[in-house]
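Residue numbers (my numbering): 56 to 508. Glycine included, C-beta positions come from ideal geometry on N, C-alpha and C. Take a look at the structure set out below.
Next up, the structure:
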């Protein structure tokens, strides 16, 4: 639960000619003129997820750790001012700490020692006066009630009454608390937040107009050069940035695993690692278009774009499989020699299936491309941009690059695969209904009726 200083307003956006970013920018400009108010504009679900990850409802959380609360607050304000100069950083704020009236007791150890008192004895007497102490129990039948001794409410709220509280000394005399301690009112924070037993304060920020990684990188470099932290104080970066880093590491490992798995599956299918490697040449061709499309769309690299890159690995490998498997089919089933004529024939016969596959996938992605600012398309739009760009370049370049490379380097591997297929050495069986080439030969040709002579 948040304190009384915090409120949250949910706003439903209506369809209009303005984009979502323009509306959010207008909201921030309107709220910025309200004095003494710190605003944070975002989505309800993402705000709660950010709060679970970093303790603050913001995409970026800069955590400052240290011992002294006043130093933490002053350095946090200095860091906030530095972050505000970074392009793309918005809604920059320091974690609120509400100041409430508190009573501070400062025990003079030297004076207490002169009376033979320990600081703990002094504070224990004050604690009894303020919070009370259980001195006995009252019994009422089967029920027991604690008997608590403490000052009445008027005395607890009076500094003079607290200063005049008497304490027994080892010498048998009584002295007022004011003789060994000072009692004063002062404003203090309503809560002291800790993480891993260390005091900390959080500076939060959101991102607008740039990708999260580049903004965090700029923040780290500027804070490191412009803010000098005292000894024992240090920073940690969290929020969506931390979750994004973890997700990027996971997706990177999955990407490597996908490439290796596809490579071994192709070796199993074709029986030769050189043929499998030539099939996978189509993957760099797809990455060219994916990077180009990502650059044209703003260059924002996110988890969604990484998922798009991983998806391209499987999608674009199919074009190479269809082309090279058909070359092998022509050599084995129709007796074609490994010549330029065979390469041209196989490429032309596979042109229509490849284009149909690419066209179908591209048309299905167009709605997500056009709905860049539509609610709920924040993940699907960048994914569609990457996949569509990769499909476009891989489809066009594959018709030239794959035939040329296979014609230049594929003869030994193709002849070896054909020979093994004819001997039945390979465990994958003959080309038939399970082979990708069969797609182009469906439905089968009707038998020619015999004629009587």
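**Message:** Can you tell me whether residue 67 is helix, strand or coil according to DSSP?
**Reply:** Assigned with DSSP and collapsed to three states, residue 67 falls in coil, not helix or strand.
**Prompt:** Pairing CB atoms from the segment 269-281 with CB atoms from the segment 134-149, are three or more of them under 8 Å?
**Reply:** With the cut-off at 8 Å, the segment 269-281 and the segment 134-149 touch.
**Request:** Determine, using beta carbons only, whether residue 96 and residue 83 come nearer to each other than 8 Å.
**Result:** Taking a C-beta distance under 8 Å as the contact criterion, residue 96 and residue 83 qualify as a contact pair.
**Asked** Any contact of the segment 120-139 with the segment 282-291, i.e. 3+ C-beta pairs under 8 Å?
**Response** The answer is yes - the segment 282-291 touches the segment 120-139, with three or more Cβ pairs under 8 Å.
**Request:** Give a yes or no on contact between the segment 167-186 and the segment 245-258, applying the rule of three or more CB pairs nearer than 8 Å.
**Result:** With the rule of 3 Cβ pairs closer than 8 Å, the segment 167-186 does not count as touching the segment 245-258.
**Asked** residue 225 by DSSP, collapsed to three states: which one?
**Response** In the structure shown, residue 225 sits in coil (DSSP, three-state: anything other than H, G, I, E or B).
**Prompt:** So what does DSSP say about residue 145, is it helix, strand or coil?
**Reply:** Note: residue 145 maps to strand in three-state DSSP.
**Item:** Burial state of residue 437, where buried means 16 or more other Cβ atoms lie within 10 Å
**Value:** With 16 or more other Cβ atoms within 10 Å, it is buried.
**Item:** Neighbourhood of residue 267 by C-beta distance below 8 Å, restricted to the same chain and skipping five residues each side
**Value:** Closer than 8 Å at Cβ, skipping near neighbours: 114, 115, 295, 296, 299, 357.
**Request:** Could you check what DSSP says for residue 352 in three-state terms: helix, strand or coil?
**Result:** For residue 352, the three-state secondary structure derived from DSSP is coil.
**Prompt:** Terminal residues of the continuous beta strand (DSSP E) containing residue 237?
**Reply:** Residue 237 -> beta strand (DSSP E) spans 236-244.
**Request:** Could you pull out every residue in the same chain whose Cβ sits closer than 6 Å to the Cβ of residue 264, ignoring the five residues on either side in sequence?
**Result:** Counting only Cβ-Cβ distances below 6 Å, and skipping sequence neighbours, we find 143.
**Item:** Rounded Cβ spacing between residue 405 and residue 378 (contact assumed at less than 8 Å)
**Value:** For a cut-off of 8 Å, the C-beta gap from residue 405 to residue 378 is around 5 Å, short enough to register as a contact.
**Prompt:** What residue does the beta strand (DSSP E) around residue 258 start on, and which one ends it?
**Reply:** Counting along the chain, the beta strand (DSSP E) containing residue 258 begins and ends at 253-262.
**Item:** Member of 154, 355, 396 whose CA lies at the smallest distance from the CA of residue 441
**Value:** Relative to the Cα of residue 441, the nearest Cα in the group 154, 355, 396 belongs to 355.
**Prompt:** Could you check where the beta strand (DSSP E) with residue 279 kicks off and where it finishes?
**Reply:** For residue 279, there is no enclosing beta strand (DSSP E); the residue is found in the alpha helix (DSSP H) stretching over 267-281.
**Asked** Between residue 125 and residue 317, what straight-line distance do the alpha-carbon atoms span, to the nearest angstrom?
**Response** Here the alpha carbons of residue 317 and residue 125 stand approximately 57 Å from one another.
**Prompt:** Does the Cβ-Cβ distance between residue 33 and residue 337 come in under 8 Å?
**Reply:** No statement about residue 33 is possible, as the shown extent of the chain runs from 56 to 508 and does not include it.
**Prompt:** Does the beta-carbon of residue 190 have 16 or more other beta-carbons within 10 angstroms, so that it is buried, or is it exposed?
**Reply:** Here residue 190 is exposed. Its C-beta has fewer than 16 other C-beta atoms within 10 Å.
**Asked** What number of angstroms, rounded off, separates the C-alpha of residue 201 from the C-alpha of residue 183?
**Response** For residue 201 and residue 183, the distance between alpha carbons rounds to 14 Å.
**Request:** Could you spell out where the alpha helix (DSSP H) holding residue 84 opens and where it closes?
**Result:** Start and end: 75-87.
**Message:** Can you tell me whether residue 90 is helix, strand or coil according to DSSP?
**Reply:** The answer is coil: DSSP assigns residue 90 none of H, G, I, E or B.
**Prompt:** Does the beta-carbon distance from residue 344 to residue 243 come in below 8 Å?
**Reply:** Contact: no.
**Request:** May I ask which residues mark the beginning and end of the beta strand (DSSP E) holding residue 469?
**Result:** Premise fails: residue 469 lies in the alpha helix (DSSP H), 466-478, not in any beta strand (DSSP E).
**Item:** Residue environment, residue 382, which counts as buried when at least 16 other CB atoms sit within 10 Å
**Value:** With 16 or more other Cβ atoms from the protein chains shown falling within 10 Å of its own Cβ, residue 382 counts as buried.
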